[in-house]
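Asker: Under our numbering, the letters of the sequence shown match residues 864 to 1186, in that order.
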Amino acid sequence: MEKRPQLDILLCAPRGFCAGVDRAIQIVELALEKYGAPVYVRHAIVHNKYVVDGLRDKGAIFVEELSEIPETEAPVVFSAHGVPKSVPADAKSRNMFFLDATCPLVSKVHVEAQRHFAEGHEIVLIGHKGHPEVVGTMGQLPVGAITLIETVADAMVFEPRDPDTLAFVTQTTLSVDDTREIVNALKERFPAINGPHKEDICYATTNRQEAIKAVAPEVDAMIVVGSPNSSNSLRLVEVAERAGCKVSMLVDRASEIDWARFEGIRTLGVSAGASAPEKLVDEVIEAFAQRYDIKVEARVTAKENIAFNIPRELRAIEAAVTQ
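Structural data, given as structure tokens:
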């Protein structure tokens, strides 16, 4: 029998599900448990194909707009990314029963934007155009109240109405380093700009990027488990490349691994975006175990013990399910 090559796998920690994702998935599962199928979900509850497909198999129906939902008494769940104010208003006008799975850390950004607006500030949002979280945050306020800035170049040409009444908020899933550069450019141009009391990039995004930075310089290649529409997963691949890992790949499932890119490696880093379940990480490690003689070592850079409450309507069923 041919001897398999040795491969050391450094498993980044923290990785995978964050508290906001865990809560959002729970909301859909508990709604299905309590009310039965179907449960409608506006937009992918989280950006992971495996998770969405699994919930669809249990009876969740995913739509992009409320207009796709027929007259129904079935629950409607808003995704973890948040929605514009017009969406719950529309749901109320149609007498829909809805459950809001918006991550509390995204809701925090919404509240900040509303506070700045109430105080008369012109608001800049640092984020990626078209991402549902950005659409949701901009939709908290009247059109034109928030200007989106995606890059340092955008920050350098932005002209506010009044530099002394300027404030910024950010998407929660951005690259920490990229965002710092944009914020620094804004602060250099507009020293009076108001920022959030506590950084908007969420703890999970920051922790997963820090874990990647610690491991990437030590490995020949890095795999990030996550879906291509997941902002925080894409950022992890970029962070790995910047930290010196030339072969960095995002995969939804082990079946997507391009084995040619991993020929001759002796060390591999593995992480997962905040919406990727641990089962898929195990699947990737098992795929390498079939080709290599593996040794797995966890690299822990932070501990996470955050949990968020679920909506009141589901707490009784949550208690019953967990007993």
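C-beta atoms are modelled at their ideal positions from N, C-alpha and C, and glycine is treated no differently.
Asp1121 by DSSP, collapsed to three states: which one?
Answerer: The answer is coil: DSSP assigns Asp1121 none of H, G, I, E or B.
Asker: Could you give the DSSP three-state label for Phe1171: helix, strand or coil?
Answerer: DSSP places Phe1171 in coil when its eight states are reduced to three.
Asker: What is the C-beta distance between Ile890 and Val940, in whole angstroms, given that I count them as a contact (C-beta under 8 Å)?
Answerer: 6 Å
Asker: Does the beta-carbon of Met1085 have 16 or more other beta-carbons within 10 angstroms, so that it is buried, or is it exposed?
Answerer: buried
Asker: Going by DSSP in three states, Tyr1155 sits in which element: helix, strand or coil?
Answerer: coil
Asker: Starting from the N-terminal side, write out each stretch of the beta strand (DSSP E) that is 3 residues or longer and does not extend beyond the region 1071-1137.
Answerer: 1084-1088, 1110-1114 and 1130-1135
Asker: Applying the 10 Å Cβ sphere with the 16-neighbour rule, what's the burial state of Arg878?
Answerer: buried
Asker: Taking the runs of the alpha helix (DSSP H) that are 4 residues or longer, which of them lie wholly in the region 885-969?
Answerer: 912-921 and 949-956
Asker: Going by beta carbon distance, what residues of the same chain come within less than 7 Å of Lys992, once the five residues before and after it are set aside?
Answerer: Leu1011 and Glu1013
Asker: Pro1080: buried (16+ other C-beta within 10 angstroms of its C-beta) or exposed?
Answerer: exposed
Asker: Using three-state DSSP, classify Leu870 as helix, strand or coil.
Answerer: Look at Leu870 here: in three-state DSSP terms it is strand.
Asker: From the DSSP output, which residues share a beta bridge with Phe1031?
Answerer: Paired residue(s): Val987.
Asker: Gly945 to Val969, Cα distance in whole Å?
Answerer: 7 Å
Asker: Within 10 Å of its beta-carbon, does Val1163 have 16 or more other beta-carbons around it, so buried, or fewer, so exposed?
Answerer: exposed
Asker: What are the boundary residues of the beta strand (DSSP E) that Leu1011 is part of?
Answerer: Under the DSSP assignment, Leu1011 falls in the beta strand (DSSP E) whose first and last residues are Ile1009 to Ile1012.
Asker: Would you identify the three-state DSSP class for Arg878, choosing helix, strand or coil?
Answerer: coil
Asker: Which residues in the same chain have their Cβ closer than 8 Å to the Cβ of Leu988, if we skip the five residues on either side of it in sequence?
Answerer: Ala976, Val997, Thr1000, Met1001, Ile1009, Thr1010, Leu1011, Ile1012, Phe1031, Val1032, Thr1033 and Gln1034
Asker: In terms of alpha-carbon separation, which member of Glu931, Lys1109 and Arg886 lies closest to Asp963?
Answerer: Arg886
Asker: If you compare alpha carbons, which of Glu1181, Gly1136 and Lys1166 is closest to Val914?
Answerer: Gly1136
Asker: Pick helix, strand or coil for Val1144, following the three-state DSSP scheme.
Answerer: helix
Asker: With the cut-off set at 8 Å, would you say Pro1187 and Leu1113 are in Cβ contact?
Answerer: Since the first residue shown for the chain is 864 and the last is 1186, residue 1187 is missing from the structure and cannot be characterised.
Asker: Checking 8 Å against the spacing of the C-beta atoms, do Pro1023 and Ala1055 come in under that value?
Answerer: Contact: no.
Asker: Looking at the strands, I want to know which residues DSSP matches up with Arg1162.
Answerer: Cys875
Asker: Under the DSSP definition of a beta bridge, which residues are partnered with Asn1047?
Answerer: BP columns for Asn1047 are empty, so no partner.
Asker: Do you know offhand how far Asp1156's Cα is from Leu870's?
Answerer: 6 Å
Asker: What residues in its chain sit with their C-beta under 7 Å from that of Pro1059, if we drop five residues either side in the sequence?
Answerer: Glu975 and Val1032
Asker: What's the gap between the Cα of Asn1057 and the Cα of Cys1065?
Answerer: 19 Å
Asker: Confirm, please, whether the CB-CB distance from Ser930 to Arg905 is below 8 Å.
Answerer: no
Asker: On the DSSP letters alone, give me the boundaries of the alpha helix (DSSP H) that Asp1017 sits inside.
Answerer: Val1015 to Val1020
Asker: Return yes when the Cβ of Thr1036 is within less than 8 Å of the Cβ of Ser1111, no when it is not.
Answerer: No, they are not a contact pair.
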